[in-house]
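> If you're matching them up, the sequences are chains V and G in order.
In terms of this note's numbering, the first sequence opens at residue 154 and continues consecutively.
In terms of this note's numbering, the second sequence opens at residue 1086 and continues consecutively.
Every residue gets a Cβ at the ideal spot worked out from N, C-alpha and C, and that includes glycine.
As the structure is a computational prediction, the values presented were derived from the model and not from experiment.
First the structure, then my questions, so here it is.
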Amino acid sequence: MRTDGAFRHWACIYDSDQQFVQTAVPFLAEGLAAGDPVLAVTTPAHLELISAALGPRGGEVDYAESAFFGRRPAQRVAAFYRYWKNHVGGRGGNGGGVRILAEPVWAGRSAREIAAWTRMESALNVVLAPASISMICPYDTRTLDPDIVTGALHTHPAQITGSRLSPSADFTEPAEFARSCDTGPLPEPPDGAAAFPFDGDLRGLRRFIAGRAAAYGVIGDRADILVLAVSEVGAYLKNSGPGTAAVRTWEQPGAVVCDFRQPGLSIDDPFLGLRPARLEPSAGDGLWLANQVCDWLEIRSGADGSTIQLQVPSRHDQEMAAQPGLRYRG
Amino acid sequence: MTSCPVYDDGVLRITSTSHPPGLAIEGEIDESTYPGLVQALQDSISGRAELHLSLAGVSYCDLAGLRAIVCATGADDCETSGNGYGDSRRVILHEVPAQIVTVLQIVGWDSTPGLALDPGGISPGPGRLPGGGRQGSAV
Chain V
154 MRTDGAFRHW
164 ACIYDSDQQF
174 VQTAVPFLAE
184 GLAAGDPVLA
194 VTTPAHLELI
204 SAALGPRGGE
214 VDYAESAFFG
224 RRPAQRVAAF
234 YRYWKNHVGG
244 RGGNGGGVRI
254 LAEPVWAGRS
264 AREIAAWTRM
274 ESALNVVLAP
284 ASISMICPYD
294 TRTLDPDIVT
304 GALHTHPAQI
314 TGSRLSPSAD
324 FTEPAEFARS
334 CDTGPLPEPP
344 DGAAAFPFDG
354 DLRGLRRFIA
364 GRAAAYGVIG
374 DRADILVLAV
384 SEVGAYLKNS
394 GPGTAAVRTW
404 EQPGAVVCDF
414 RQPGLSIDDP
424 FLGLRPARLE
434 PSAGDGLWLA
444 NQVCDWLEIR
454 SGADGSTIQL
464 QVPSRHDQEM
474 AAQPGLRYRG
Chain G
1086 MTSCPVYDDG
1096 VLRITSTSHP
1106 PGLAIEGEID
1116 ESTYPGLVQA
1126 LQDSISGRAE
1136 LHLSLAGVSY
1146 CDLAGLRAIV
1156 CATGADDCET
1166 SGNGYGDSRR
1176 VILHEVPAQI
1186 VTVLQIVGWD
1196 STPGLALDPG
1206 GISPGPGRLP
1216 GGGRQGSAV
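This is the structure we're talking about:
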């Protein structure tokens, strides 16, 4: 199978370890034989299976446990992009591509998270389109909710079994798929949310959110991250439309939320905030950065305007405290 | 170090430094101060193979401002998009606030050819915006 050129994205739907190995191992071994960078992102159990099957060559495979290779969808996209860029992206278009086996974590996720990860699987087809990456995403029918497996057929243009590729008849055009994920409204700000009438004054916006962060007990690096994300969203809105937005912020269990509502602004790009920023500037770079450092960044756009809502951990989050040196929950 | 102011709008203050040759930047960098930053960078790089930027006093820097600083290297990716400054050069960042280091790493610009972070000079930052107190008080 060819792996050069642009992004290729295949689902491997399997129901036994043997099936998993029969697809994953030849894919990785071919890449090693060709001298291409090869990355396996999966469960510790599957990393062991792969390692045993590859034998001594297994030591050449780059690997990561899924849970730690991009904690959230936007970071996962960035992690794939970074791997590609670091290995072949800077060497022009003549080299071979990279191969990535990428098995997401689904167990224990909320419905909201499952929707976001499924949406990301679809978005990869567009956001990584220029990258010479061949990616197989394994889906284990023994453990996954059938809806998640069905989702994989909508989000991957083809399925792979062993080395046999078959087009996925259910594949949905990614922009259409993303919009179908974005139909539900975002939560309304609660009564008592702190409000700021943003008129394009980014310094004022930063002072407002820094003050609120302190009031919610979000301090230090976490406050800096929130200020950064909010300011970048404000800059995007300032540059994209009338430049005035109702900004509201509140604390809810586990999170500080900041909500921007801009009447009259239409946001048509469903992949805004997912395309990795580069030195060549592109609209949405600031939203991408905000998306990297927040737990959530969601966008809705309709006839009456656009809403952007972001969320960072509250002062009760202990993950960062448990990992000294971590500057944001990434 | 001798210095003289090259830009000061009350929010962003940039002074030129001669030892080492470059700029000391203080204040907030966002789109309102961006033109001043870019002008100061352009004025300071002509004919220089090396530029030193002290960022200890930067309390906020948005992504666009950081890009302008990184592109002072004249890296190819900046040139192709028309955001470059001509010839390539070394740009050494001193006393870089920790948050700027974080953003450089997230966006991957820390590995831009020609860019160097003075390893001894990572700054805890100049203090935060009003209300955003620090965790711990050792710094």
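Nearest to D1172 (chain G) by CA position, among G:P1182, G:S1196, G:Q1184, G:Q1127, is which residue?
Checked all of G:P1182, G:S1196, G:Q1184, G:Q1127; the closest Cα to D1172 (chain G) is G:Q1127.
> Apart from the five residues just before and just after C411 (chain V), which ones in its own chain have a Cβ nearer than 6 Å to its Cβ?
Within the same chain, C411 (chain V) has close Cβ partners V383, T402, L463.
> Between the C-alpha atoms of A264 (chain V) and W270 (chain V), what's the straight-line distance to the nearest angstrom?
The alpha-carbon atoms of A264 (chain V) and W270 (chain V) are separated by roughly 10 Å.
> Just confirm the distance between the C-beta atoms of G407 (chain V) and G353 (chain V), as a whole number of angstroms; I'd bet it's less than 8 Å.
About 32 Å separates the two Cβ atoms, so there is no contact after all.
> Kindly indicate if chain V contains any beta-carbon less than 8 Å away from that of Y1145 (chain G).
At least one chain V Cβ lies under 8 Å of Y1145 (chain G).
> Please give the ranges of any beta strand (DSSP E) in the stretch 1117-1185 of chain G, keeping only runs that are unbroken, at least 3 residues long and fully inside the region.
Complete beta strand (DSSP E) runs here, min 3: 1135-1146, 1175-1179.
> Taking Cβ-Cβ distances below 8 Å as the criterion, which residues of the stretch 1127-1160 of chain G are in contact with chain V?
Of all residues in the stretch 1127-1160 of chain G, Y1145, D1147, L1148, A1149, R1152, V1155, C1156, A1160 have a Cβ within less than 8 Å of some Cβ in chain V.
> Using a Cβ cut-off of 8 Å (strictly closer), state whether I1099 (chain G) contacts chain V.
Answer no: the Cβ-Cβ gap between I1099 (chain G) and chain V never drops below 8 Å.
> Based on Cα-Cα distance, which residue from G:A1109, G:C1156, G:L1148 lies nearest to H1137 (chain G)?
Of the candidates G:A1109, G:C1156, G:L1148, the one whose C-alpha sits nearest the C-alpha of H1137 (chain G) is G:A1109.
> Anyone know if the C-beta pair for A177 (chain V) and I203 (chain V) falls short of 8 Å?
Yes, the Cβ-Cβ distance between A177 (chain V) and I203 (chain V) is below 8 Å.
> Quick check: what's the CA-CA separation for Q172 (chain V) versus D298 (chain V)?
Using only the alpha carbons, I get a separation of about 19 Å.
> With a threshold of 16 other CB atoms inside 10 Å of the CB of Y1092 (chain G), please say whether the residue is buried or exposed.
Y1092 (chain G) should be labelled buried.
> Looking at the C-beta of D1094 (chain G), does it have a partner C-beta in chain V at a distance below 8 Å?
No - not a single Cβ of chain V is within 8 Å of the one on D1094 (chain G).
> Within a Cβ cutoff of 7 Å, which residues of the same chain sit near C1146 (chain G), ignoring the five residues on either side of it in sequence?
Result list for C1146 (chain G): I1114, I1185, in chain order.
> Check the Cβ of R235 (chain V) against every Cβ in chain G and list those closer than 7 Å, keeping chain order.
In chain order: G1193.
> What residues from chain G crowd round L442 (chain V), counting only those whose CB sits closer than 9 Å?
Chain G residues near L442 (chain V): D1147, L1148, V1188, I1191, V1192.
> Please confirm if S467 (chain V) has its CB atom under 8 Å from at least one CB of chain G.
No, S467 (chain V) lies away from the interface with chain G (no Cβ there is under 8 Å from its Cβ).
> With a threshold of 8 Å between beta carbons, is D1172 (chain G) in contact with chain V?
No, no contact with chain V.
> Using only alpha-carbon positions, find the residue among V:G223, V:T294, V:T303, V:Y234 that is nearest to N278 (chain V).
Comparing Cα-Cα distances from N278 (chain V) to each of V:G223, V:T294, V:T303, V:Y234, the minimum goes to V:Y234.
> Is any beta-carbon of chain G found at less than 8 Å from that of S321 (chain V)?
For S321 (chain V), the answer is no, since every Cβ of chain G falls outside 8 Å of its Cβ.
> DSSP three-state call for Q476 (chain V): helix, strand or coil?
Coil, per DSSP.
> Interface residues of chain V around D1203 (chain G) at Cβ under 7 Å?
Chain V residues near D1203 (chain G): none, gap ~19 Å exceeds 7 Å.
> Judging by CA-CA distance, which residue of V:A474, V:E326, V:M273, V:R332 is the nearest neighbour of P423 (chain V)?
Minimum Cα distance to P423 (chain V) is reached at V:R332.
> Pull up the DSSP beta-bridge partners for S459 (chain V), would you.
Beta-bridge pairing links S459 (chain V) to V:Q415, V:S454.
> Strictly below 8 Å CB to CB, what residues from chain V border E1180 (chain G)?
Going along chain V, no residue has its Cβ under 8 Å from E1180 (chain G), so there is no contact; the nearest lies around 17 Å.
> Please list, in chain order, all residues of the same chain as I166 (chain V) whose beta carbon is under 7 Å from its beta carbon, the five residues on each side excluded.
These residues qualify, in order along the chain: Y292, T294, V302, A305, Q312.
> My output table needs one value for A117 (chain V): the three-state DSSP class, helix, strand or coil.
There is simply no residue 117 (chain V) to check, as chain V begins at 154 and stops at 483 in what is shown.
> Using three-state DSSP, classify H240 (chain V) as helix, strand or coil.
It is helical.
> Roughly how many whole angstroms lie between the Cα atoms of G345 (chain V) and A220 (chain V)?
Computed Cα separation, rounded: 36 Å.
> Please classify Y369 (chain V): does DSSP put it in a helix, a strand, or coil?
Coil.
> Can you tell me whether DSSP reads E433 (chain V) as helix, strand or coil?
Coil.
> Below 8 Å CB to CB, which residues in the same chain sit around Q1124 (chain G) once its five sequence neighbours on both sides are set aside?
So the qualifying residues of the chain are Y1092.
> Give a yes or no on contact between the stretch 221-230 of chain V and the stretch 274-289 of chain V, applying the rule of three or more CB pairs nearer than 8 Å.
With the cut-off at 8 Å, the stretch 221-230 of chain V and the stretch 274-289 of chain V touch.
> Could you spell out the range, first to last residue, of the alpha helix (DSSP H) harbouring D170 (chain V)?
D170 (chain V) -> alpha helix (DSSP H) spans 170-187.
> Enumerate in chain order the residues of its own chain whose CB-to-CB distance from A255 (chain V) is below 6 Å, with the five nearest sequence positions on each side excluded.
Excluding sequence neighbours, A255 (chain V) sits near V194, M288, C290.
> Do A399 (chain V) and L390 (chain V) have their C-beta atoms closer together than 8 Å?
Contact flag unset, no.
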